[in-house]
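Let me begin by presenting the structure, written as structure tokens, before commenting on it.
Numbering (this note's numbering), first residue to last: 83 to 764.
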């Protein structure tokens, strides 16, 4: 005995017959078999009797399937959400039977005049069921995401919703018409884009939909609700008070999202209005056009004097050439060190002459240490530099007591010499600038905006000076994966920016094309990069005969050994480096080092030079000079990776002294220099 029927294409229960005054002898139809049902009423007021529908049939168990299909089973949705929407739909427009291709479905809301329906979905639903229902009528869908993770993202004016379960992730993709997400707040989500995206938002990676923020009026105007909803329903949804939570930005963590967000982030930066104390940072992958971005910003803000700071001298040279070529008058480029030089000369009135402060040579500066054991000399060099890089202690005595546990007169003497200009290192200049707030006295009065390129390579003192001693707006630009100067005390400054700093990400490289781009990102865990290059870039096993390329090396030792047996080469900074090598070799021949002293060198060049006699060194250098030609005539151009950072070439070759497992960031810098061909030595 079925507990419901279909009457006038609508699900009907015994209670509905009394509620609407239907004729009890009406032509009721069975939902399951489409045959006639009759209605049986209660007899003699028996309160235990259940009023029901039945088939006229004398054959036992013929309609057992009809009795198994109950009202609750067919209706399926019995949630608070579904019932709320259902009660706001006009009685003659809800739970309407629609059939097609011998399939039948109960539509939650239906407007006969316009042949439009709407479904209120709260539970999981199969893709096949969505497709089947969509075939019965023109259906729009409202999915309930109330109490799910939802955020309005200001940059891009988007709204994201964490996908509740995989079932819905697949289901919405096959919906033919509109999908709206009910949030329980004033704002709704119009899901015109049905793809799922992987993003990082509020420090957590989430699988989300990205939709348009819309109002209840938008839902009415674009669904049949406008014809079938009761006035109390309109009032209910128009009176929702809660606003959706907003965040500034989200980050792409899949290829689809990178394609979507890259232009959005770039357009935001181009149109950003920089204010006092603004700190904006751009994490920008290799070849992403960050130099072009900064030049365009300088043109946009042509009424501002822009201080441009970078770490790499070759990048400054390139920037100076570009601003000259583009006739930009309001940008002033300096390397990290050149700016400090300028500040030092401005304050001290003389040009600094750098001191080689290493254990091997400290005795020439501090005679007391000349004959002391290596460990003692190393100790004072390290502690001096430690003080210079310490952002917590500005007084050498306080540093000694707080960090070393006792008074250290010799360190005090060394710092006195530094303040007198008798010991001058990069570290001591930074420390003096930090202690005496040189930036506060100079930068704000000279410039209106600071652009800090290669942010990943700055040291903590420089970062602190920029953040604490300047109030003009700052743009930090760089690539954390190109942080390769840790041995100099540099930091990945992105990790140390203030909490209120706005950090955006640029994902597209205009240098490295496919398929090499995909190969490169597969080598690294967190390389969020896509290609917008017009080039086809390939990783190759060889170059054509006489094909020009740039050869990159981790160490000077390996560069020299390779240069000795390679014809038609040009070596970056060769003459200056050869002078340094000859001077270092001369010093090394007159000094006897312990094992500890040999291990103290920061690279393998000094140890390599120690193995060479003067005759062998001269022979090697002569062989190299015989292979040298001019830059224009060279087939192969030799660089260390550090000196080539920030540059690019059609063809790049990586020497086999570069090991991705030994130094991942250095390998990333090297392999992302190539635009057409990349050759990796075995």
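Every residue, glycine too, gets a C-beta built ideally from N, C-alpha and C. Keep in mind that this is a model prediction, so the values were computed, not measured.
Nearest-angstrom Cα separation, counted from residue 514 out to residue 588 = As a position in the chain shown, residue 588 is number 506, starting the count at 1. As a position in the chain shown, residue 514 is number 432, starting the count at 1. Straight-line Cα distance between these residues: approximately 35 Å.
Stretch-stretch touch, CB-based, cutoff 8 Å, three pairs: the stretch 402 to 421 with the stretch 385 to 393 = Touching, yes, given that three or more Cβ pairs across the two stretches are closer than 8 Å.
Touching or not, the stretch 210 to 230 and the stretch 244 to 263, by the rule of three or more beta carbon pairs under 8 Å?
-> Using a Cβ-Cβ distance cut-off of 8 Å, the stretch 210 to 230 and the stretch 244 to 263 are in contact, since at least three pairs of beta carbons, one from each stretch, lie closer than that value.
Which residues in the same chain as residue 543 place their Cβ atom closer than 7 Å to its Cβ, once the five residues preceding and following it in sequence are excluded?
-> Within the chain shown, numbered from 1, the residue matching residue 543 stands at position 461. Once the five neighbours on either side are set aside, the close Cβ partners of residue 543 are 471, 473, 512, 513 and 516.
Let me know the secondary structure DSSP gives residue 404 once reduced to three states.
-> For the purposes of this step, residue 404 is identified with residue 322 of the chain shown, where counting begins at 1. In the three-state DSSP reduction, residue 404 falls in the helix class (H, G or I).
Where DSSP assigns a beta bridge to residue 282, which residues make up the other side?
-> Translated into positions along the chain shown, residue 282 becomes position 200. Bridge partners of residue 282: 287 and 333.
Could you give the DSSP three-state label for residue 80: helix, strand or coil?
-> Nothing about residue 80 can be read from this structure; the chain reaches only from 83 to 764.
In whole angstroms, what is the alpha-carbon distance linking residue 682 and residue 462?
-> Taking the chain shown and counting its residues from 1, one reaches residue 682 at position 600. Taking the chain shown and counting its residues from 1, one reaches residue 462 at position 380. Model confidence at residue 682 stands at a pLDDT of 42, short of 50, so the residue's coordinates are unreliable and nothing is read from them.
Once you ignore the five residues that flank residue 376 on each side, which residues in its own chain have a CB closer than 6 Å to its CB?
-> Position 294 of the chain shown holds residue 376. So the qualifying residues of the chain are 533.
When DSSP labels each residue in this structure, what does residue 61 get in the three-state scheme?
-> The requested residue 61 is not part of the displayed model; the chain covers only 83 to 764.
I think residue 579 touches residue 363, with their Cβ atoms under 8 Å apart; what is that distance to the nearest whole Å?
-> For this step, residue 579 is matched to residue 497 along the chain shown. For this step, residue 363 is matched to residue 281 along the chain shown. Sure, about 6 Å apart at Cβ, within 8 Å.
Inspect the beta-carbon positions of residue 110 and residue 86 and report whether they are closer than 7 Å.
-> Here residue 110 corresponds to residue number 28 of the chain shown, with the count starting at 1. Here residue 86 corresponds to residue number 4 of the chain shown, with the count starting at 1. Taking a C-beta distance under 7 Å as the contact criterion, residue 110 and residue 86 do not qualify as a contact pair.
Residue 664, DSSP secondary structure in three states | For this step, residue 664 is matched to residue 582 along the chain shown. It is helical.
Hey, out of 724, 401, 608 and 639, whose CA is closest to residue 414's CA?
-> The sequence position of residue 414 within the chain shown is 332, counting from 1. Checked all of 724, 401, 608 and 639; the closest Cα to residue 414 is 401.
Counting only runs of 3+ residues fully inside the stretch 180 to 259, write out the beta strand (DSSP E) ranges in chain order.
-> Complete beta strand (DSSP E) runs here, min 3: 185 to 193, 198 to 203, 220 to 226, 232 to 235 and 240 to 244.
Do the CB positions of residue 594 and residue 369 come within less than 7 Å of each other?
-> Taking the first residue of the chain shown as 1, we reach residue 594 at position 512. Taking the first residue of the chain shown as 1, we reach residue 369 at position 287. Taking 7 Å as the Cβ cut-off, residue 594 and residue 369 qualify as a contacting pair.
Strand pairing of residue 111, partner residues [DSSP] | Taking the first residue of the chain shown as 1, we reach residue 111 at position 29. 88 and 118, per the DSSP bridge assignment.
Since residue 328 sits in a beta bridge, which residues does DSSP pair it with?
-> The residue given as residue 328 occupies position 246 in the chain shown. In the DSSP output, where bridge partners are listed per residue, residue 328 has 234.
Residue 432, DSSP secondary structure in three states = For the purposes of this step, residue 432 is identified with residue 350 of the chain shown, where counting begins at 1. Three-state DSSP puts residue 432 in coil, outside helix and strand.
Local conformation of residue 338 per DSSP, three classes | The sequence position of residue 338 within the chain shown is 256, counting from 1. The three-state reading of DSSP puts residue 338 in helix, counting H, G and I together.
State the DSSP-derived secondary structure class of residue 134, mapped to helix, strand or coil.
-> Within the chain shown, numbered from 1, the residue matching residue 134 stands at position 52. In the structure shown, residue 134 sits in a strand (DSSP, three-state: E or B).
Proximity winner among 436, 704 and 734, relative to residue 646 (alpha-carbon distances) = Working through the chain shown from its first residue, we reach residue 646 at position 564. Relative to the Cα of residue 646, the nearest Cα in the group 436, 704 and 734 belongs to 704.
For the putative contact between residue 309 and residue 134, defined by C-beta atoms under 8 Å, what is the C-beta separation to the nearest angstrom?
-> For the purposes of this step, residue 309 is identified with residue 227 of the chain shown, where counting begins at 1. For the purposes of this step, residue 134 is identified with residue 52 of the chain shown, where counting begins at 1. About 34 Å separates the two Cβ atoms, so there is no contact after all.
Quick one: residues in its chain with C-beta nearer than 7 Å to the C-beta of residue 371, no 5 flanking neighbours on either side, listed in chain order?
-> Against the chain shown, residue 371 aligns to sequence position 289. Taking residue 371 as the centre and dropping the five residues before and after it, the same chain places the C-beta of 592 closer than 7 Å to its C-beta, in chain order.
Using DSSP bridges, identify the partner residues of residue 34.
-> Residue 34 lies beyond the range of the chain shown here (83 to 764); nothing can be said about it.
In chain order, what residues of the same chain lie with their CB nearer than 6 Å to the CB of residue 202, ignoring the 5 residues before and after it?
-> Counted from its first residue, the chain shown places residue 202 at position 120. Once the five neighbours on either side are set aside, the close Cβ partners of residue 202 are 164, 167, 190 and 224.
Residue 293 versus residue 253: straight-line alpha-carbon distance, rounded | The residue labelled residue 293 in the question sits at position 211 within the chain shown. The residue labelled residue 253 in the question sits at position 171 within the chain shown. If I take the Cα positions, the gap works out to 16 Å.
Among the residues of its own chain, which have a CB less than 7 Å from the CB of residue 301, if the five just before and after it don't count?
-> Looking up residue 301 in the chain shown gives position 219. Here the set comprises 262, 270 and 307.
Could you give the distance in angstroms between the alpha-carbon of residue 678 and the alpha-carbon of residue 468?
-> Taking the chain shown and counting its residues from 1, one reaches residue 678 at position 596. Taking the chain shown and counting its residues from 1, one reaches residue 468 at position 386. Residue placement at residue 678 is flagged as unreliable, the pLDDT there being 47, under the threshold of 50; the coordinate-derived value follows with that caveat. Inter-residue distance for residue 678 and residue 468 is about 20 Å (C-alpha atoms, whole angstroms).
Counting only the same chain and skipping the five closest in sequence on each side, list residues whose C-beta sits under 8 Å from that of residue 330.
-> The residue labelled residue 330 in the question sits at position 248 within the chain shown. Excluding sequence neighbours, residue 330 sits near 235, 236, 237 and 584.
Excluding five sequence neighbours on each side, which residues of the same chain lie with their C-beta closer than 7 Å to the C-beta of residue 100?
-> Position 18 of the chain shown, counted from the start, is the residue given in the question as residue 100. For residue 100, where only same-chain residues beyond five positions count, there are no Cβ hits under 7 Å.
Helix, strand or coil: which one does DSSP assign to residue 689?
-> As a working mapping, residue 689 is identified with position 607 in the chain shown. Collapsing the DSSP output to three states places residue 689 in a helix.
Which of the three DSSP states, helix, strand or coil, is assigned to residue 612?
-> Locating residue 612 in the chain shown gives position 530, counting from the first residue. Of the three classes helix, strand and coil, the one that applies to residue 612 here is strand, per DSSP.
DSSP-derived helix/strand/coil call for residue 677 = Position 595 of the chain shown, counted from the first residue, corresponds to residue 677. Only weak support exists for where residue 677 lies, its pLDDT of 49 falling under 50; the value from the coordinates is given anyway. The three-state secondary structure of residue 677, taken from DSSP, is helix.
Check each candidate in 210, 480 and 660 and name the one with the smallest Cα separation from residue 489.
-> Numbered from 1 along the chain shown, position 407 holds the residue referred to as residue 489. For residue 489, the nearest C-alpha among the options comes from 480.
Look up residue 354 in the DSSP assignment and say whether it is helix, strand or coil.
-> Against the chain shown, residue 354 aligns to sequence position 272. In the structure shown, residue 354 sits in coil (DSSP, three-state: anything other than H, G, I, E or B).
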